[in-house]
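To start, the structure under review is shown below, and the notes come after it.
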Amino acid sequence: MYPDLMRLRWVKAFGRPGGEFLQHTRLRYISFGNRYYDICYVKDTISSSTLPFLWNLQTLYIKSDNDDSEIVLPSEIWMMPQLRHINITWAIYLTLWMLKMGTEWNPIAGEFLRLKFLLIKSCKLVRWTAEDVHFPSLEVLIMETMRNVGEIHSSIGDIATLKLIELRYCFGDIENSAKQILEEQRSNGNESLQVVIGGISL
């Protein structure tokens, strides 16, 4: 049907096609966003039954303007071989590994082995227990408007590939922990890590 289709931005006109549509594509990029109805399609498009047709997927972008949105992603998505970029914006609840994250996210070692870019924005996280073993290939970590989340674990700075930690509109413990990570890495001779807080490079 669409054998050369590699990029898809979901619009209302598509309705809710599932595997029958996706199996004829080679999608590398999928974007859901800007309207609530787009978010309704995430569970129909990114599901255990459709993932076999999405093994070329490299970028997943999800945005909701609705404060009550719930984004459900199947556990298998974190083991997709080509997935490099995940951008999740305005996600109040992100369901991972079939568990409702809510205010706490506890990643599992071995399920983000290839992830290079992670942006988390305006999620109501309070506790994020991620360590270096959870994101061994991470290059860029951006957190924006995360006013409730606590500190970033110091071992995040030990990720050999990490180039940038950027905080936008984040204050308190998370800001202090990012500064501490930078100090520790500099004292260990790591000059490649960059920490940017509020647009200012430290």
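All residue numbers for the sequence shown refer to our numbering, where the first residue is 27 and numbers rise by one.
Even for Gly, the Cβ is constructed at its ideal location relative to N, Cα and C.
Output the boundary residues of the alpha helix (DSSP H) element that contains residue i.
| i | result |
| --- | --- |
| R140 | From DSSP, R140 is part of no alpha helix (DSSP H); its letter is neither H nor E. |
For the beta strand (DSSP E) holding residue i, just list the boundary residues, first then last.
| i | result |
| --- | --- |
| I207 | Looking at the DSSP string, I207 is not in any beta strand (DSSP E); the run it does join, the alpha helix (DSSP H), is 199 to 213. |
| R194 | 190 to 194 |
| I223 | 220 to 223 |
Here's the rule I'm using: 16 or more other beta-carbon atoms within 10 Å means buried, otherwise exposed. How should residue i be labelled?
| i | result |
| --- | --- |
| S213 | exposed |
| S227 | exposed |
| D64 | Reliability of the predicted coordinates at D64 is poor, the pLDDT of 42 falling under 50, and no value is obtained from them. |
| E192 | buried |
| A204 | buried |
| I146 | buried |
| W154 | buried |
| I178 | buried |
| S148 | buried |
| I134 | exposed |
| L125 | Because L125 sits at a pLDDT of 33, beneath the cut-off of 50, its placement in the model cannot be relied upon, and the following sentence gives the value as read from the coordinates. Counting Cβ neighbours within 10 Å, L125 comes out exposed, since fewer than 16 surround it. |
| G183 | buried |
| V152 | exposed |
| G225 | exposed |
| Y62 | Bear in mind that the predicted position of Y62 carries a pLDDT of just 39, short of 50, making it unreliable; the figure below should be weighed with that in mind. Exposed, since its Cβ has fewer than 16 Cβ neighbours within 10 Å. |
Which residues does DSSP pair with residue i in a beta bridge?
| i | result |
| --- | --- |
| I226 | I223 |
| W81 | For W81, which the question treats as bridged, DSSP gives no partner whatsoever. |
| E130 | R153 |
Start-end ranges of the beta strand (DSSP E) lying completely within the region 145 to 179, minimum 3 residues | 166 to 170, all fully within the region 145 to 179.
At least 3 beta-carbon pairs within less than 8 Å: the region 201 to 211 vs the region 150 to 165 | At 8 Å Cβ cutoff, the stretches do not touch.
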